[in-house]
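Visitor:
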Amino acid sequence: MKKQKAYKNLQRLVLLFSLILLLAFKTGDYKSQYSLSRAAYSAFSTDFDLDGSNDLIVGHKTAWGDSNITVTVLMNDQHGYLATDTTLTFCGYQENIFAINLNEDSFPDIVTFYSDFTNGYAERYIRIYLSEQGYLTGFTDFNLNNSSTFSTINSGDINGNGYKDIIVVSNNSQFWGVLYNDGLGNFSEPEYHYVYNYYPTDIDCGDLNDDGRDDIVICGQKSEVYFSYPGNFQKITLETDNFKDGIILSDFDHDNDLDIVTFVDLYIVNFTKIKFYENLGDNNFDTLQTYEFQPACSNMFISDLNNDSLPDLVFHSLNQTGAYIFYNEDNFSLSESQFLDIPSYGEYSRNSYCADLDGNGYNDIITLRYLYAPLSNNLSILFNDGEGNFVEDPITQTTSNFELQTSNLTCSPNPFKSRTKIKYQLSESSFVNISVFNLNGELIKVLTHQNQDKGTHSIKWDGVENSGNPCKPGIFMVKLEINGITSSSAKIIKY
Numbered sequence: 103m104k105k106q107k108a109y110k111n112l113q114r115l116v117l118l119f120s121l122i123l124l125l126a127f128k129t130g131d132y133k134s135q136y137s138l139s140r141a142a143y144s145a146f147s148t149d150f151d152l153d154g155s156n157d158l159i160v161g162h163k164t165a166w167g168d169s170n171i172t173v174t175v176l177m178n179d180q181h182g183y184l185a186t187d188t189t190l191t192f193c194g195y196q197e198n199i200f201a202i203n204l205n206e207d208s209f210p211d212i213v214t215f216y217s218d219f220t221n222g223y224a225e226r227y228i229r230i231y232l233s234e235q236g237y238l239t240g241f242t243d244f245n246l247n248n249s250s251t252f253s254t255i256n257s258g259d260i261n262g263n264g265y266k267d268i269i270v271v272s273n274n275s276q277f278w279g280v281l282y283n284d285g286l287g288n289f290s291e292p293e294y295h296y297v298y299n300y301y302p303t304d305i306d307c308g309d310l311n312d313d314g315r316d317d318i319v320i321c322g323q324k325s326e327v328y329f330s331y332p333g334n335f336q337k338i339t340l341e342t343d344n345f346k347d348g349i350i351l352s353d354f355d356h357d358n359d360l361d362i363v364t365f366v367d368l369y370i371v372n373f374t375k376i377k378f379y380e381n382l383g384d385n386n387f388d389t390l391q392t393y394e395f396q397p398a399c400s401n402m403f404i405s406d407l408n409n410d411s412l413p414d415l416v417f418h419s420l421n422q423t424g425a426y427i428f429y430n431e432d433n434f435s436l437s438e439s440q441f442l443d444i445p446s447y448g449e450y451s452r453n454s455y456c457a458d459l460d461g462n463g464y465n466d467i468i469t470l471r472y473l474y475a476p477l478s479n480n481l482s483i484l485f486n487d488g489e490g491n492f493v494e495d496p497i498t499q500t501t502s503n504f505e506l507q508t509s510n511l512t513c514s515p516n517p518f519k520s521r522t523k524i525k526y527q528l529s530e531s532s533f534v535n536i537s538v539f540n541l542n543g544e545l546i547k548v549l550t551h552q553n554q555d556k557g558t559h560s561i562k563w564d565g566v567e568n569s570g571n572p573c574k575p576g577i578f579m580v581k582l583e584i585n586g587i588t589s590s591s592a593k594i595i596k597y
C-alpha cells in the first residue's frame, strides 16, 4: 500500500511538473511579450536573412555610454516567434532604426546613428552595418561633419539613381541634409539645407511628382515640401501657423500618388489632430479638413491592417492605456476608432510599428515601451487575424486559408531573373488592380488598373519599378484586387 501510495504521489508530481513545463513553454517560448535591453524605442521589420519571413530590428535610445545595447536583431522562426540573434553595443541614439539594401547584394543593411565623444566634443556619424546571408559583416562610419544633435534619420532615392540615400534632420539647429549613395555602400559628404523661423520635428521623403526622384517633406511650426531636381531643391510651403509633431507620406486615397499625413498631440487639452494634404499633381496639394479626437496620442504609424489597399492609422495614447486604430474608408474619411487595451508596465512612452510577422497576410501591431531603465515586456506584438481582432498568439491556423486564397494567382517562373508571368481568373467582368509591393508594404509597381472581361488573364512583370528603375533582387508581394477588394496575393522572388 505504501508503495502504491508513493507511486500515486509520484504520478501527481510528474503530472504537476509536466503542467508547469507546458505552462512555461506556452508563456515563455511561445509568447507575444519580449523583454529586451533598456530604452527600446524604434523598430523596423524586414526579411533580414531572405527566408520568406519578416524579422525585427529594434533601436534603443540609450544615448550616452558605450556599454549600452543600441540595436537588437530578432530573427523570425517563420511562424511569428522571435529570438534575439544579435545585439550591437555602441554610443548611439536610435530615434528611428531601419534596414535597407545599400549595395549590390540583396540583403538589407542596418542604418544607425553613432556619436563619438572621445576627443572631448561630439562627433556625429551615420554607422552602417552591412549584412551578408543574414549575418552582419562589419560596419562603416560616415562623418556628418556637424556636432549638432540630429533628431531623426530616414532614407529615400533623392537623386533618382536607383539607390537609397540617407536624410537627416536637426531640430535644435534647424537644418536637414542628404548623404548620397553611390550604389556600392559609400556615401557622399552631407549636403545641408537650413530652414527658417521654425524648428523641424519630423522628416519623410517620397516621389511626390512621379519624376523618379524622392522629395523631402518637413514639419514643425511650418509644413514644407522640397522637390528634388537635378542640382537644386524647389520649396513650397503647405502651412505656416499650425504646429505638427509628425509627418508620413502615404497614398492615402489609393490613386497612385503620395499624399501627406500629419498629426499633433495637444496633451494639455487631451486632444489629437490629424491633417491631410491631398496630392493633386503638378506639385500642388489641397489642404483638407482637420480630424480631432480624444485622447492625446503620440507616434502615428500608417499601415494597411485589413488588406483593402487603403492605409490605416495607428496611435498610442499618451496615458499608456492602449492603441487607437482608425480605418481608412477612402476619400480621406476615417472610421470610428478601434481601441486596443495594451497594459502599461511603467514605461515613459510608447512607439508603434506594423508588419506581418506570422505570415498570414495581415500586418500585426508591434508596441515598444520606452524607459531609460530595465523594463519587463518592453516589446509586445498583437497578431492580426484579418477580421478586426488582434490577439497575443500568431495566427497560424489561418495559414491554410491564406494559401487557399492565393490559388487564383500564379506567377511563373518563380523565382525569376528578368521576367515573370502572372496569371489569374475572373468569374465575371470586373475592375482589376494588380500591384507589386516590397516586404515593407511599399508600392513598387502597378501592373494593371482597368476593367477586364470574364475569363483567364495574364500580365508580365520585368522586375521594374514605377519609376522605371530595375528592382534589386529580393522578395516581393503581388496583390490582386477585384472591384476594390483584395482577392489574392502571392510572394515572388527576383534573383
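Letter by letter, the sequence shown follows residues 103 to 597 of the working numbering.
Think of the CB as a built atom: it goes at the ideal place given N, C-alpha and C, for glycine as much as any other residue.
Just the Cα atoms here: how many angstroms apart are S233 and D347?
Guide: Spanning the two alpha carbons is a distance of roughly 33 Å.
Visitor: Please go through the same chain and pick out, in chain order, the residues whose beta-carbon is closer than 6 Å to the beta-carbon of N203, but skip the five residues on each side of it.
Guide: Once the five neighbours on either side are set aside, the close Cβ partners of N203 are P210 and K574.
Visitor: Identify the residues that DSSP records as bridge partners of A142: which are they?
Guide: The partner list for A142 (beta bridge, DSSP) reads H162.
Visitor: Decide if the segment 245-255 is in contact with the segment 218-232; the criterion is three or more beta carbon pairs, one per stretch, under 8 Å apart.
Guide: Judged by Cβ distances under 8 Å, the segment 245-255 makes contact with the segment 218-232, as three or more pairs qualify.
Visitor: Could you check what DSSP says for N462 in three-state terms: helix, strand or coil?
Guide: In this structure, N462 counts as coil in the three-state DSSP scheme.
Visitor: I'd like the span of the beta strand (DSSP E) that includes Y328, first residue to last.
Guide: Note, Y328: beta strand (DSSP E), S325 to Y331.
Visitor: Sort Y300, I318 and D313 by Cα distance to C307 and report the nearest one.
Guide: The shortest Cα separation from C307 among Y300, I318 and D313 belongs to I318.
Visitor: Tell me whether Y296 is buried or exposed, calling it buried when 16 or more other Cβ atoms sit within 10 Å of its Cβ.
Guide: Answer is exposed; the Cβ neighbour count stays below 16.
Visitor: Using 7 Å as the threshold, is the C-beta distance between K562 and R521 below it?
Guide: Going by C-beta atoms, K562 is nearer than 7 Å to R521.
Visitor: Using only alpha-carbon positions, find the residue among D564, K519, I584 and C513 that is nearest to S531.
Guide: Closest option to S531, Cα to Cα, is I584.
Visitor: Quick check: what's the CA-CA separation for N358 versus P413?
Guide: When rounded, the distance between both Cα atoms is 13 Å.
Visitor: Thinking C-beta only, is A185 closer than 7 Å to T164?
Guide: No, they are not a contact pair.
Visitor: Please look up how many angstroms separate the CB atoms of F354 and F378, rounded, as I've assumed it's under 8 Å.
Guide: Right, their Cβ atoms sit about 7 Å apart.
Visitor: Quick test of the definition: if touching needs 3 or more C-beta pairs under 8 Å, does the segment 215-224 touch the segment 181-200?
Guide: With a cut-off of 8 Å, the segment 181-200 and the segment 215-224 count as touching, because enough Cβ pairs lie within range.
Visitor: To the nearest angstrom, how far is the alpha carbon of D131 from that of G182?
Guide: Legend: pLDDT at D131 = 43, less than 50; position of this residue unreliable, value from coordinates given subsequently. C-alpha separation (whole angstroms): 11 Å.
Visitor: Do you know how far the Cα of Y450 is from the Cα of Y472?
Guide: Computed Cα separation, rounded: 6 Å.
Visitor: Given 8 Å as the limit, is there contact between the segment 452-459 and the segment 410-427, that is, 3 or more CB pairs closer than that?
Guide: Flag = yes, the segment 452-459 and the segment 410-427 touch.
Visitor: Got a sec, what are the start and stop residues for the beta strand (DSSP E) R521 sits in?
Guide: Run containing R521: none; DSSP gives neither H nor E here.
Visitor: Tell me which same chain residues have a C-beta within less than 8 Å of the C-beta of N205, skipping the five on either side of it?
Guide: Excluding positions up to five away in sequence, the list reads D211, L232, G285, L286 and G287.
Visitor: Can Y526 and G488 be called in contact, C-beta distance under 7 Å?
Guide: Contact: no.
Visitor: DSSP state of N510, grouped into three classes?
Guide: N510: helix per DSSP, three-state reduction.
Visitor: To which residues of the same chain is N311 closer than 6 Å at the C-beta, ignoring the five residues directly before and after it?
Guide: For N311, where only same-chain residues beyond five positions count, the Cβ hits under 6 Å are N385.
Visitor: When we look at the beta-carbon of P572 and count the other beta-carbons within 10 Å, is it buried (16 or more) or exposed?
Guide: Exposed, by the Cβ-count rule.
Visitor: So with Cβ pairs under 7 Å, would you call N585 a contact of chain C?
Guide: The structure shown contains no chain C, having only a single protein chain.
Visitor: Beta strand (DSSP E) containing L190: first to last residue?
Guide: Residues L184 to T191.
Visitor: CB L138 to CB N421, shorter than 7 Å?
Guide: For L138 and N421, no; Cβs fall outside 7 Å.
Visitor: Given a threshold of 16 other Cβ atoms within 10 Å of its Cβ, counted over all protein chains shown, does G565 qualify as buried or as exposed?
Guide: Buried.
Visitor: If you reduce the DSSP assignment to three classes, tell me which class A398 lands in.
Guide: Coil, per DSSP.
Visitor: What do you reckon, are the CB atoms on G322 and P302 nearer than 7 Å?
Guide: Against a cut-off of 7 Å, the Cβ pair of P302 and G322 comes out as a contact.
Visitor: If we count the other Cβ atoms within 10 Å of its Cβ and call it buried at 16 or more, is G557 buried or exposed?
Guide: Per the 10 Å Cβ criterion, exposed.
Visitor: Taking Cβ positions, are F252 and S272 nearer each other than 7 Å?
Guide: In contact: F252 and S272 (Cβ atoms closer than 7 Å).
Visitor: Quick one: what's got a C-beta closer than 6 Å to F345's C-beta in the same chain, skipping five residues either side?
Guide: Q323 and V366.
Visitor: Quick one: residues in its chain with C-beta nearer than 8 Å to the C-beta of R275, no 5 flanking neighbours on either side, listed in chain order?
Guide: A quick correction: the sequence has Ser, not Arg, at residue 275. Excluding sequence neighbours, S275 sits near N248, S250 and T251.
Visitor: Based on the DSSP secondary-structure assignment, which residues constitute the bridge partners of C307?
Guide: I318, per the DSSP bridge assignment.
Visitor: Within 10 angstroms of its Cβ, does N401 collect 16 or more other Cβ (buried), or is it exposed?
Guide: Burial call: buried.
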